[in-house]
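In what follows, a structure is listed as structure tokens, so that the remarks can point back to it.
In our numbering, the protein residues as written are 200 to 759.
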């Protein structure tokens with residue numbers, strides 16, 4: 200997530216991105232005028248009760264990069280295209296764009312927009328999408344998502360401040376026609392059209408609210424199937440169906456009620472008593488309990504998402520590559536998966552997760568071995584640490600070293616998680632770990648400013664291509680604030696992004712991923728996520744496929 204997912208998030212937000220699969224609407228009714236969809240009679244009252252495990256940092260699509268905000272944006276905004284599930288497969292469909300085409304070499308794309316309105320009734324135009332892209336790439340915005348769309352002509356130069364925003368390869372032909380010119384042919388370009396980097400933004404709202412844009416419900420406006428009715432920070436967010444949306448006749452829910460619940464047990468109890476319609480769990484006891492519950496549908500699937508540590512390479516301690524490698528190698532990932540996640544997740548030795556395709560050749564992870572498996576074994580971690588300490592002039596006594604480990608949450612599960620690694624790093628490396636628990640917004644502020652040593656996050660892939668993950672670590676990306684830079688890595692990603700031959704592109708991805716660890720190790724993958732999802736059977740038209748970006752648009756209830 201794409202994201203999808205996508206993208207920085209803590210566990211528990213699965214229901215935020217619950218997606219719908221294809222459906223043929225039948226308005227035939229049953230003699231009483233009751234609407235039917237695929238033979239299911241719709242409940243009179245159509246609402247969905249979900250949860251978020253943290254408050255979104257912002258609903259400014261350019262500045263936010265957490266999964267919570269992205270889940271909301273998929274429901275209140277209309278991207279150019281969406282990824283739908285049809286007959287068990289992902290299919291890209293028109294959303295804001297009713298059609299699109301490219302020139303022969305794929306460098307110029309033209310999108311024809313359908314008639315649609317913003318939630319306040321104002322007409323949606325091509326200018327709104329052009330401005331959203333320009334705002335994201337403008338260096339002054341400081342968007343962590345800008346790296347996604349630097350494939351647009353002059354994107355790199357504009358984002359680095361070398362050229363003006365007006366030099367971008369964005370052209371408004373007329374109110375309903377948007378032309379985008381790319382720097383080079385880009386094999387995954389269409390996959391970017393439903394990411395937050397290309398969402399529309401109302402210029403008048405940004406100019407009116409400035410830095411506060413997206414911080415409150417009245418300070419953001421959407422053009423999607425739902426609009427924000429209420430947002431009580433750290434408590435709840437309520438959405439209602441938008442009467443202005445172009446496809447409102449195929450939107451069944453009239454209300455989405457998200458509670459913000461930070462405590463895992465409280466979440467499970469809420470699902471158990473029926474006040475939540477869906478949830479996910481990584482705890483065997485709760486998994487088994489929910490699986491045996493009447494009228495509950497259980498789905499298990501591998502998620503293209505990585506839980507990982509990341510290091511501040513500007514920090515006086517973690518600027519040393521050998522020390523970063525030591526902290527990465529010292530982890531017994533199989534024990535982590537067993538002890539922390541009860542074998543409900545998969546040990547990860549790579550940055551690109553499972554389930555990501557390169558195209559015709561299929562799953563990338565089946566083509567390329569996980570690079571951390573070929574690095575030094577765990578018993579060498581202590582040697583690397585001592586070597587790094589010697590290089591920094593820190594002596595040879597790890598017990599005198601204290602590292603601050605920052606986390607974006609304050610719940611008990613996360614504290615237990617931190618305490619586990621506190622003990623493990625003491626045992627394997629002999630160092631002391633000081634836990635630094637923060638609310639999500641504070642955590643993001645600290646890490647983005649470099650006020651941390653070592654952090655923990657989850658990243659769900661934004662779109663179905665390895666470069667979605669590998670591109671995050673380019674020097675100018677800024678999405679994950681490790682501050683690591685490597686010219687060779689940048690060149691590999693730059694070349695891969697325009698290489699149309701899939702075999703050659705995969706080879707570049709392989710070299711880049713190997714370099715990411717053998718030549719830097721600013722990241723430390725821990726586990727590849729799997730989803731153990733539960734929903735009550737009255738929630739219909741859902742999907743478990745990764746990369747779908749339908750949000751809750753096509754969900755409905757029957758038999759609540």
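From the three backbone atoms N, C-alpha and C, an ideal C-beta is built for every residue, glycine too.
(1) Report yes if the CB atom of residue 641 is closer than 8 Å to the CB atom of residue 510, and no otherwise.
(2) In chain order, what residues of the same chain have a beta carbon less than 8 Å from the beta carbon of residue 711, not counting five sequence neighbours either side?
(3) Within its chain, find whatever has a CB closer than 7 Å to the CB of residue 616; leave out the 5 residues flanking it on each side and keep chain order.
(4) State whether the region 368 to 388 contacts the region 302 to 313, with contact taken as three or more CB pairs (one from each stretch) at a distance under 8 Å.
(5) Indicate the three-state DSSP secondary structure (helix, strand or coil) for residue 560 in the structure shown.
(6) Which first and last residues belong to the beta strand (DSSP E) in which residue 308 is found?
(7) Among 330, 238, 543 and 599, which residue has its Cα nearest to the Cα of residue 403?
(8) Using a Cβ-Cβ cut-off of 8 Å (strictly less than) and excluding sequence neighbours within five positions of residue 589, which residues of its own chain qualify?
(9) Does DSSP put residue 759 in a helix, a strand or coil?
(10) Jot down the residue ranges of each uninterrupted alpha helix (DSSP H) in the region 700 to 742, minimum 4 residues, whole runs only, in chain order.
(11) For residue 716 versus residue 571, is the C-beta distance shorter than 8 Å?
(12) If you pair each beta-carbon of the region 251 to 269 with each one of the region 366 to 376, do three or more pairs fall below 8 Å?
(13) Rounding to the nearest angstrom, what Cα-Cα distance links residue 332 and residue 401 in this structure?
(14) Is there contact between the region 479 to 491 and the region 545 to 557, where contact requires at least three CB pairs shorter than 8 Å?
(15) How about residue 567 and residue 726: do their beta carbons lie closer than 8 Å?
(16) Would residue 497 be called buried (16 or more neighbouring beta carbons within 10 Å of its own) or exposed?
(17) Can you give me the C-alpha to C-alpha distance between residue 418 and residue 530, rounded to a whole angstrom?
(18) Would you check if the distance between the CB atom of residue 746 and the CB atom of residue 663 is smaller than 8 Å?
(19) Going by beta-carbon coordinates alone, are residue 729 and residue 501 separated by less than 8 Å?
(20) Kindly indicate which three-state DSSP category residue 668 falls into: helix, strand or coil?
(21) Compute the distance between the beta-carbons of residue 547 and residue 724, then report whether it is under 8 Å.
(22) Report the rounded CA-to-CA distance for residue 231 versus residue 240, giving the unit in angstroms.
(23) Going by DSSP, which residues form a beta bridge with residue 369?
(24) Going by DSSP, what residues sit across from residue 636 in a beta bridge?
(25) Taking the Cβ atom as the reference point for each residue, do residue 636 and residue 606 lie within a distance shorter than 8 Å?
(26) Three-state secondary structure (DSSP) at residue 750?
(27) Please list, in chain order, all residues of the same chain as residue 283 whose beta carbon is under 7 Å from its beta carbon, the five residues on each side excluded.
(28) For a test of the three-state rule: what should DSSP assign to residue 662, helix, strand or coil?
(29) Looking at C-alpha atoms only, which residue of 339, 299 and 275 is the closest neighbour of residue 319?
(30) With a Cβ-Cβ cutoff of 8 Å, do residue 720 and residue 524 count as a contact?
(31) Are residue 422 and residue 311 touching if we call contact CB-CB under 8 Å?
(32) For a quick check, are the C-beta atoms of residue 535 and residue 735 less than 8 Å apart?
(33) List the endpoints of the continuous alpha helix (DSSP H) containing residue 277.
(34) Once the 5 residues before and after residue 757 are set aside, which same chain residues still bring their CB inside 7 Å of it?
(35) Report the rounded CA-to-CA distance for residue 573 versus residue 549, giving the unit in angstroms.
(36) Going straight from the alpha carbon of residue 753 to that of residue 452, what length do you get?
Checking against the coordinates, here is how it stands:
(1) As a working note, residue 641 is residue 442 in the chain shown. As a working note, residue 510 is residue 311 in the chain shown. No, Cβ-Cβ distance for residue 641 and residue 510 is not below 8 Å.
(2) The count along the chain shown starts at 1 and reaches residue 711 at position 512. For residue 711, where only same-chain residues beyond five positions count, the Cβ hits under 8 Å are 669, 688, 691, 692 and 695.
(3) Stepping through the chain shown from its first residue, residue 616 is reached at position 417. Closer than 7 Å at the Cβ level, and outside the excluded window around residue 616, lie 539.
(4) yes
(5) Mapped onto the chain shown, residue 560 falls at position 361. Residue state, collapsed to three classes: coil.
(6) Here residue 308 is taken as the residue at index 109 of the chain shown, counted from 1. Start and end: 307 to 312.
(7) Taking the first residue of the chain shown as 1, we reach residue 403 at position 204. For residue 403, the nearest C-alpha among the options comes from 330.
(8) The residue you call residue 589 lines up with position 390 of the chain shown. The residues are 595.
(9) Taking the chain shown and counting its residues from 1, the one referred to as residue 759 is at position 560. Residue 759 falls in the coil class under three-state DSSP.
(10) 701 to 717
(11) Looking up residue 716 in the chain shown gives position 517. Looking up residue 571 in the chain shown gives position 372. Contact flag set, yes.
(12) no
(13) Locating residue 332 in the chain shown gives position 133, where the first residue counts as 1. Locating residue 401 in the chain shown gives position 202, where the first residue counts as 1. For residue 332 and residue 401, the distance between alpha carbons rounds to 11 Å.
(14) no
(15) If you number the chain shown from 1, residue 567 lands on position 368. If you number the chain shown from 1, residue 726 lands on position 527. No.
(16) Mapped onto the chain shown, residue 497 falls at position 298. Per the 10 Å Cβ criterion, exposed.
(17) Within the chain shown, numbered from 1, the residue matching residue 418 stands at position 219. Within the chain shown, numbered from 1, the residue matching residue 530 stands at position 331. Going from the Cα of residue 418 to the Cα of residue 530 covers about 44 Å.
(18) Counting from 1 along the chain shown, the entry for residue 746 is found at position 547. Counting from 1 along the chain shown, the entry for residue 663 is found at position 464. Yes, the pair counts as a contact, with Cβ atoms nearer than the cut-off.
(19) Translated into positions along the chain shown, residue 729 becomes position 530. Translated into positions along the chain shown, residue 501 becomes position 302. Yes.
(20) Within the chain shown, numbered from 1, the residue matching residue 668 stands at position 469. Residue 668: helix per DSSP, three-state reduction.
(21) The count along the chain shown starts at 1 and reaches residue 547 at position 348. The count along the chain shown starts at 1 and reaches residue 724 at position 525. Yes, Cβ-Cβ distance for residue 547 and residue 724 is below 8 Å.
(22) Residue 231 sits at position 32 when you count from the first residue of the chain shown. Residue 240 sits at position 41 when you count from the first residue of the chain shown. Low confidence applies to residue 231: its pLDDT is 45, below 50, so where it sits in the model is not reliable, and the reading given next is rough at best. Roughly 11 Å separates the two Cα atoms.
(23) In the chain shown, the residue the question calls residue 369 occupies position 170. Its beta-bridge partners are 379.
(24) Along the chain shown, one-based indexing puts residue 636 at 437. Paired residue(s): 606.
(25) Mapped onto the chain shown, residue 636 falls at position 437. Mapped onto the chain shown, residue 606 falls at position 407. A contact, by the Cβ cut-off of 8 Å.
(26) Mapped onto the chain shown, residue 750 falls at position 551. The answer is coil: DSSP assigns residue 750 none of H, G, I, E or B.
(27) Numbered from its first residue, the chain shown carries residue 283 at position 84. Cβ within range, chain order: 221, 290, 292, 747 and 749.
(28) Residue mapping note: residue 662 aligns to position 463 of the chain shown, counting from 1. DSSP places residue 662 in coil when its eight states are reduced to three.
(29) Stepping through the chain shown from its first residue, residue 319 is reached at position 120. Among 339, 299 and 275, the Cα nearest to that of residue 319 belongs to 275.
(30) Mapped onto the chain shown, residue 720 falls at position 521. Mapped onto the chain shown, residue 524 falls at position 325. Contact flag set, yes.
(31) Counting from one through the chain shown, the residue named residue 422 turns up at place 223. Counting from one through the chain shown, the residue named residue 311 turns up at place 112. Contact: no.
(32) For this step, residue 535 is matched to residue 336 along the chain shown. For this step, residue 735 is matched to residue 536 along the chain shown. Against a cut-off of 8 Å, the Cβ pair of residue 735 and residue 535 comes out as no contact.
(33) Indexing the chain shown from 1 puts residue 277 at position 78. That residue, residue 277, is in no alpha helix (DSSP H); it is neither H nor E in DSSP.
(34) Stepping through the chain shown from its first residue, residue 757 is reached at position 558. Excluding residues within five positions, the ones whose Cβ falls inside 7 Å are 239, 240, 241, 242, 737 and 739.
(35) By one-based count along the chain shown, residue 573 stands at place 374. By one-based count along the chain shown, residue 549 stands at place 350. Computed Cα separation, rounded: 11 Å.
(36) For this step, residue 753 is matched to residue 554 along the chain shown. For this step, residue 452 is matched to residue 253 along the chain shown. Going by the C-alpha atoms only, they are around 8 Å apart.
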